[in-house]
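Colleague: Residue numbers in the sequence shown follow this note's numbering, run continuously in steps of one, and reach 220 at the last position.
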Amino acid sequence: MSEESQVLVIFPHPDDESFSSAGTLARYIDHGVPVTYACLTLGQMGRNLGNPPFATRETLPDIREKELENAMEAIGITDLRKMGLRDKTVEFEPHDEMDAMVQSLIDELHPSVIISFYPQFAVHPDHEATAEAVVRTVGRMPASERPRLQLVAFSNDAPEKLGAPDILNEISDYKEVKLRAFEAHSSQTGPFLKQLATPEVSGEAQSFLEVEPYWN
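#1: Apart from the five residues just before and just after aspartate 95, which ones in its own chain have a Cβ nearer than 8 Å to its Cβ?
#2: For alanine 104, count neighbouring C-beta atoms within 10 Å of its own C-beta (all shown protein chains included) and say buried if the count is 16 or more, exposed if not.
#3: Could you give the DSSP three-state label for aspartate 83: helix, strand or coil?
#4: Alpha carbons only, please: which of Ser120, Lys70, Thr141 and Phe121 is nearest the one belonging to aspartate 100?
#5: If the criterion is Cβ atoms closer than 8 Å, does the pair methionine 5 and valine 37 meet it?
#6: For tyrosine 2, name the three-state secondary structure that DSSP assigns.
#7: Which residue marks the beginning of the alpha helix (DSSP H) containing proline 129, and which one marks its end?
#8: Tell me which residues share the same chain as proline 217 and place their Cβ nearer than 6 Å to its Cβ, disregarding the 5 neighbours each side in the sequence.
#9: If you count every other CB in all the chains shown that lies within 10 Å of the CB of leucine 197, and 16 or more means buried, which is it?
#10: Closest to glutamine 154 by C-alpha separation, out of Ile119, Glu174, Asp177 and Ser148, would be which residue?
#11: Under the three-state reduction of DSSP, which class applies to asparagine 160: helix, strand or coil?
#12: Is it true that the CB of isoleucine 79 sits closer than 8 Å to the CB of leucine 29?
#13: Tell me the residue span of the beta strand (DSSP E) that contains leucine 12.
#14: Please go through the same chain and pick out, in chain order, the residues whose beta-carbon is closer than 6 Å to the beta-carbon of serine 159, but skip the five residues on each side of it.
#15: Would you kindly work out how many angstroms separate the C-alpha atoms of histidine 189 and alanine 75, rounded to a whole number?
#16: Roughly how many angstroms lie between the CA atoms of arginine 90 and phenylalanine 186, to the nearest whole one?
#17: Look at phenylalanine 15 and glutamate 8 and say whether their C-beta atoms are less than 8 Å apart.
#18: Could you tell me how far apart the beta carbons of arginine 152 and serine 116 are, in whole angstroms, since I believe they sit closer than 8 Å?
#19: Serine 191 and glutamate 71: beta carbons closer than 8 Å?
#20: Would DSSP call tyrosine 122 helix, strand or coil?
#21: Pull up the distance between the alpha-carbon of glycine 194 and that of isoleucine 81, whole angstroms please.
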């Protein structure tokens with residue numbers, strides 16, 4: 005891990021980074037590798053408002069922004085970029101503007117690796133639009149200048165169609181870090197946190213705290 009010069013993380017929503025990559029990012033930071041997180045939206049349209057409600061559509065953005073900042077503190081990320089797009093509209097952003105945003109981050113940071121979603125295996129339209137912009141932009145760069153892609157595939161058919169992950173990061177030593185980061189996003193992650201706390205927690209849920217898979 006220490007051979008990387010800069011990690012750039014590009015996801016559309018607060019909690020994408022914690023669910024997929026908190027342990028990996030904490031390891032990079034512990035190895036002295038700078039990590040920048042470009043979070044495209046503040047998750048303004050998050051599904052969970054609570055029952056009874058703890059938020060409204062008007063107050064949820066502030067809640068999720070604070071949760072994002074708390075998650076960054078848990079992971080150790082000090083360079084957080086809030087890119088200002090609106091939740092559930094990323095798929096409608098013009099391709100040239102999305103690509104220019106990604107290219108601007110690359111030009112500024114010169115990352116050796118970019119962590120984002122894998123196109124067609126990212127489940128959510130905002131995830132897919134983000135993945136496509138990253139892959140499009142990097143694909144246009146000269147091969148010798150391209151950062152390595154480390155991509156998250158969430159769909160259930162990913163292992164069948166993509167094969168085994170190219171990278172399987174063992175994060176058991178960072179289990180508590182990942183749990184704290186995930187807990188920071190409690191407005192949206194509460195149900196899954198309850199599942200993790202049950203004695204009969206499934207193997208799949210338990211592996212969430214032990215390994216983080218990526219495809220290149």
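Cβ atoms here follow ideal geometry from the backbone N, Cα and C, with glycine treated the same way. Here the structure is a predicted model, which is why all the values come from computation and not from measurement.
Modeller: The short version:
#1: For the record, residue 95 in the displayed sequence is glutamate; it is not aspartate. Cβ neighbours of glutamate 95 beyond the five flanking positions: Pro129, Asp130, Glu132 and Ala133.
#2: exposed
#3: strand
#4: Thr141
#5: yes
#6: Outside the shown range of the chain (5 to 220) lies residue 2, about which nothing can therefore be said.
#7: 129-144
#8: Pro169 and Leu172
#9: exposed
#10: Ile119
#11: coil
#12: yes
#13: 11-15
#14: Phe125 and Val127
#15: 7 Å
#16: 22 Å
#17: no
#18: 7 Å
#19: yes
#20: coil
#21: 23 Å
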